[in-house]
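Asker: As numbered in our numbering, residues 1 to 85 make up the sequence shown, in order. Where a beta carbon is used, it is the ideal one built from N, C-alpha and C, also for glycine.
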Amino acid sequence: MLGINKISTTDAEKYLFDIVNRVAFAREPIILTNMGKPMAAIVSLEDLQFLQDSEDRADIADALKAIEEPGENITAEQMRKELGL
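#1: By how many angstroms is the C-alpha of Glu55 removed from the C-alpha of Asp62?
#2: Go ahead and label Ile60 buried or exposed: buried means 16 or more other beta carbons lie within 10 angstroms of its beta carbon, across all protein chains shown.
#3: Exposed or buried, Ile67, counting other C-beta atoms within 10 Å across all chains shown (16 or more means buried)?
#4: Which of the three DSSP states is assigned to Met39 in this structure?
#5: What does the Cβ neighbour count give for Ile19, buried or exposed, with the cut at 16 atoms within 10 Å?
#6: Roughly how many angstroms separate the alpha carbons of Arg88 and Leu83, rounded to a whole number?
#7: With DSSP run on the structure shown, which of helix, strand or coil describes Met1?
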């Protein structure tokens with residue numbers, strides 16, 4: 001997390017408008033801290049969408065890999081029983 005600005009939640013309340021502008025227009029992520037401990041991040045919508053798309057691609061790759069792996073197939077009914085549904 002080098003180079004990412006950090007701000008306390010107390011200060012973030014005071015400067016929310018400025019923080020939103022920095023994140024939205026300069027695409028500068030901000031780490032919110034509470035008592036010095038990182039608690040959350042504020043990122044631009046573009047960065048959030050990129051992260052979500054990356055996660056989706058990873059999930060798809062994992063699913064395709066799982067489909068190709070040999071293993072025992074079970075029916076939907078067997079799955080429900082195992083899950084207690």
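Answerer: Let me spell this out:
#1: 11 Å
#2: exposed
#3: exposed
#4: strand
#5: buried
#6: This structure does not reach residue 88, given that the chain is present from 1 up to 85, and the question cannot be answered.
#7: Bear in mind that a pLDDT of 49 at Met1, under 50, signals an unreliable position, so the number given afterwards is only what the model happens to contain. In the structure shown, Met1 sits in coil (DSSP, three-state: anything other than H, G, I, E or B).
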